[in-house]
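Worksheet: the structure to be examined is printed underneath.
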Amino acid sequence: MNKVMSNKWIIFLYTFPALLLIAVLIVIPLILSGYFGLMDWDGIGTMEFIGLDNYITALQDSKFWDSTLHSFLLALFSACSLIGYLAVALILASKIKGASLLRKIYLIPMLLSSVAIAQLWIKVYNPSNGMLNSILVGLGIENPPAWLADPSIVLYAIFVPIIWQYAGFYILIYYAALKNIPESLIEAAKIDGATPLQIALEIKVPLIMNVFKVTIVLSIVGSLKYFDLIYVMTGGGPNGASEVMASYMYKLAFSSYNFGYGSAIGFLLLIITLIVTVIIRKITANKDEIQY
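In terms of UniProt numbering, the sequence shown has 111 at position 111, counting the first letter as 1, and numbering is strictly consecutive.
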């Protein structure tokens with residue numbers, strides 16, 4: 001009995017620093033965010049308790065719902081892009097010539113900061129001398145679009161560098177999962193006359209489906225709280241056309257000094273993300289994982 005209690009204390013002592021960091025850096029700020037959302041506060045002066053007014057205002061705020069829609073569109077594009085990442089990983093895992101070099105190239109965006117990537121793509125999208133419009137002019141298109149200034153296309157223009165930024169991360173995950181598939185299964189399928197496409201779709205993909213489900217959650221949740229690259233490239237503009245929930249929260253709290261309302265938006269972002277995560281987990285869970 002004493003030995004069991006001793007082991008429990010040892011486990012507690014080892015895990016306590018991590019639990020303390022989680023509490024200080026995550027749990028307490030989340031609770032404070034919900035608390036500040038109940039206040040009328042500019043972030044500096046005296047707080048005034050106003051109850052749920054900030055939350056009610058947010059639910060009636062068209063800009064909040066527009067930014068929410070943009071975040072969900074980004075999540076949808078990110079989830080769909082996983083199929084492309086998986087296809088690339090399948091090609092790289094098939095022992096093609098130069099696969100090692102390609103893996104290193106795909107990892108390059110992971111080595112760059114979001115600010116560096118944003119500055120790179122701002123230059124690519126430059127309407128007068130950017131690489132993209134120069135190519136379009138060379139192809140005979142006289143008036144190529146101003147990618148980051150046109151409200152109708154700016155959101156989709158930003159999606160491209162975001163998807164490019166995380167390509168290496170997901171390709172690496174899929175590649176590692178594919179490499180863990182026993183080679184004997186692949187050889188047996190080849191002996192039975194299976195084509196490379198059949199091996200990929202009927203053997204490899206089903207065997208890494210649990211990994212794919214995890215990346216779906218990661219991509220969607222990450223997209224819903226995405227902020228940095230969008231803020232650097234457009235600041236949510238023009239006229240809110242590329243605003244997402246996180247950038248709208250930041251503007252309210254630190255640009256408009258409406259800290260109480262910004263905190264309420266941040267807490268709603270947390271709730272929406274949690275709800276979406278639970279829904280995705282229920283949809284993607286195996287039957288033996290559901291215990292309800």
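Note that CB positions come from ideal geometry on N, CA and C, so glycine has one too.
Because the structure is a prediction, the values reported are computed rather than measured.
It is roughly 12 Å from the alpha-carbon of VAL24 to the alpha-carbon of PHE16.
When DSSP states are grouped into helix, strand and coil, ASP228 belongs to the helix group. For secondary structure counted as the alpha helix (DSSP H) over 4 or more consecutive residues, the segment 211-261 holds these complete runs in sequence order: 228-233 and 245-250. For GLY37, no alpha helix (DSSP H) segment is defined, and its DSSP state is neither H nor E. Remark: three or more beta-carbon pairs, one from each stretch, lie closer than 8 Å, so the segment 250-265 and the segment 40-55 are flagged as touching. The beta carbons of TYR106 and ILE171 sit about 5 Å from each other, so the pair counts as a contact at 8 Å. Looking at the backbone, the Cα of LEU69 and that of LEU185 are separated by about 44 Å. With respect to the C-alpha of ALA149, the residue from LEU139, THR234, TRP121 and ALA93 having the closest C-alpha is THR234. DSSP places GLU48 within a strand segment (E or B) once states are collapsed to three.
Per DSSP, reduced to three states, the secondary structure at ILE279 is helical.
Counting C-beta atoms within 10 angstroms of its own C-beta, PHE159 has 16 or more neighbours from the protein chains shown and is therefore classed as buried.
In this model, ILE10 and ILE31 are separated by some 29 Å (Cα to Cα). As for any alpha helix (DSSP H) of minimum length 4 sitting wholly inside the segment 90-116, the runs are 99-106 and 108-111, ordered along the chain. Secondary structure note for ASP53: its alpha helix (DSSP H) is the uninterrupted segment 53-59. Spanning the alpha carbons of SER78 and LEU90 requires a straight line of approximately 19 Å.
Considering only ILE199, PRO238 and ALA157, the residue with the shortest C-alpha distance to LYS123 is ALA157. Straight across, the Cα-Cα distance linking ILE96 with VAL88 is about 11 Å. At the C-beta level, ILE208 and TYR166 stay beyond 8 Å of one another. If the five residues before and after ILE203 are omitted, its C-beta is found closer than 8 Å to the C-beta atoms of ILE181, LEU185, ILE186, ALA189 and ALA194, all from its own chain and listed in chain order. Excluding residues up to 5 positions away in sequence, PHE259 and GLY262 lie with their Cβ nearer than 6 Å to the Cβ of ALA253 in the same chain. Annotated as proximal: LEU38 and ILE50, with beta-carbon spacing under 8 Å.
The count of Cβ pairs closer than 8 Å, one atom from the segment 237-253 and one from the segment 261-277, reaches three, so the stretches are in contact.
In this structure, ASP66 lies near GLU243, with their beta-carbon atoms less than 8 Å apart. Per DSSP, the unbroken alpha helix (DSSP H) holding GLU183 starts and ends at 183-191. Straight-line spacing of the CA atoms in VAL27 and LEU19 works out to 10 Å.
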